[in-house]
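*Asks:* Pasting a structure here, questions to come.
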Amino acid sequence: MIDDRVDNGRRRFLTAVTGGMGVIGGVFAATPFVLSMAPSERAKAAGAPVEIDISKLEPGQMIKEIWRGNPVWVVSRTPEMIESLQQVEGELRDPDSDNSIQPGFAQNDYRSLKPEILVLIGICTHLGCSPVQKFAIGPESGISDDWPGGFFCPCHGSKFDLAGRVYQQVPAPTNMVVPPYKYISDSLILIGEVGEA
Ligand code: FES
Numbered sequence: 010m011i012d013d014r015v016d017n018g019r020r021r022f023l024t025a026v027t028g029g030m031g032v033i034g035g036v037f038a039a040t041p042f043v044l045s046m047a048p049s050e051r052a053k054a055a056g057a058p059v060e061i062d063i064s065k066l067e068p069g070q071m072i073k074e075i076w077r078g079n080p081v082w083v084v085s086r087t088p089e090m091i092e093s094l095q096q097v098e099g100e101l102r103d104p105d106s107d108n109s110i111q112p113g114f115a116q117n118d119y120r121s122l123k124p125e126i127l128v129l130i131g132i133c134t135h136l137g138c139s140p141v142q143k144f145a146i147g148p149e150s151g152i153s154d155d156w157p158g159g160f161f162c163p164c165h166g167s168k169f170d171l172a173g174r175v176y177q178q179v180p181a182p183t184n185m186v187v188p189p190y191k192y193i194s195d196s197l198i199l200i201g202e203v204g205e206a
C-alpha cells in the first residue's frame with residue numbers, strides 16, 4: 010500500500026523513472042529477438058502466405074509447415090488412401106463437410122484441390138491437441154483391426170479419416186480445418202491464398 014505521507018512530487022518522479030527504465034529494458038529485451046528473426050520468419054509470424062515445396066513428397070508421406078502459428082500438414086495420398094475415403098463415409102459425423110471449415114473448393118469428396126494431395130491444419134477440433142498420423146492400416150495401426158488409415162488425437166481419442174473428416178462417437182465435433190491454399194506450380198503450394206489448381 011502506498012503511504013500518503015510520501016511527497017507527491019517525489020512519487021511522480023520515481024514513477025516516471027522506474028516506468029522509463031521498464032520501457033528501456035523492454036526495448037533492449039525485445040530487440041535481439043526481433044533482429045534475430047530473418048525477414049521471411051518475420052513475415053511468417055505476421056501471417057504472410059507460406060510456400061511449401063512438395064517436389065520430394067512421396068506417396069504415403071506427410072510434410073509439416075507452420076502458417077500463422079498453426080501446423081499445416083500436406084499429405085500425398087496413394088490410390089489406396091483415396092479409395093478408403095469412400096469406404097468410411099458411413100462412419101463419419103460430417104462426411105460432406107457441411108458443418109466444417111474449408112475453402113469452397115475443398116468441400117468435395119477429397120477436401121482438396123487435387124485428390125492425391127491433402128492440405129490440413131493439424132489441430133484437433135475438440136480442444137486443440139495435435140493429432141498423430143496413423144497411416145498404417147489394420148491391427149498394425151494400434152487403433153482397430155479394420156482401421157483404414159487416418160489421424161488419431163491422443164488427448165481424448167478423436168479419430169479422423171485421410172481427408173481430416175471426423176468419425177462418429179468421438180469428442181471432436183467437426184472435421185479438421187482445410188486452410189486456404191493454391192498451387193503456384195505442380196510442386197509448389199502457397200498456403201494462405203485461395204486459388205484453383
Ligand atoms: S483435443 Fe483431440 S480429442 Fe480432445
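First residue of the sequence shown? That's 10 in this note's numbering, and the numbers climb one at a time after it.
Every residue gets a Cβ at the ideal spot worked out from N, C-alpha and C, and that includes glycine.
Can you pull the DSSP bridge partners for Q142?
*Replies:* Answer is F160.
*Asks:* Any heavy atom of ligand 1 closer than 7 Å to the beta-carbon of A172?
*Replies:* No, ligand 1 has no heavy atom inside 7 Å of this Cβ.
*Asks:* If we call anything under 8 Å between Cβ atoms a contact, is I152 one with F160?
*Replies:* The answer is no: Cβ separation not under 8 Å.
*Asks:* Roughly how many whole angstroms lie between the Cα atoms of E125 and A115?
*Replies:* Straight-line Cα distance between these residues: approximately 13 Å.
*Asks:* Pick from G166, P68, I193, G78: whose alpha carbon is nearest that of S85?
*Replies:* Nearest of G166, P68, I193, G78 to S85, Cα basis: P68.
*Asks:* Given the structure, does S167 come close to ligand 1, in the sense that its CB is under 7 Å from one of the ligand's heavy atoms?
*Replies:* The answer is yes for S167.
*Asks:* Can we count L129 as close to ligand 1, meaning its CB is less than 7 Å from some heavy atom?
*Replies:* No - ligand 1 has no heavy atom lying nearer than 7 Å to the Cβ of L129.
*Asks:* Which stretch, first to last residue, makes up the alpha helix (DSSP H) that contains M71?
*Replies:* Counting along the chain, M71 falls outside any alpha helix (DSSP H), though it belongs to the beta strand (DSSP E) covering 71 to 76.
*Asks:* For D118, list the residues DSSP reports as bridge partners.
*Replies:* Bridge partners of D118: none, in fact.
*Asks:* At what residues does the alpha helix (DSSP H) containing E92 begin and finish?
*Replies:* It spans 88 to 96 - the alpha helix (DSSP H) in which E92 sits, taken as one unbroken run.
*Asks:* Based on Cα-Cα distance, which residue from C164, P157, G56 lies nearest to P140?
*Replies:* Among C164, P157, G56, the Cα nearest to that of P140 is on C164.
*Asks:* State the Cα-Cα distance for the pair V203 and P189, rounded to the nearest angstrom.
*Replies:* Using only the alpha carbons, I get a separation of about 5 Å.
*Asks:* Measure the Cβ-Cβ separation of W82 and G201 and say whether it is below 8 Å.
*Replies:* Their beta carbons are not under 8 Å apart, which means W82 does not touch G201 by this criterion.
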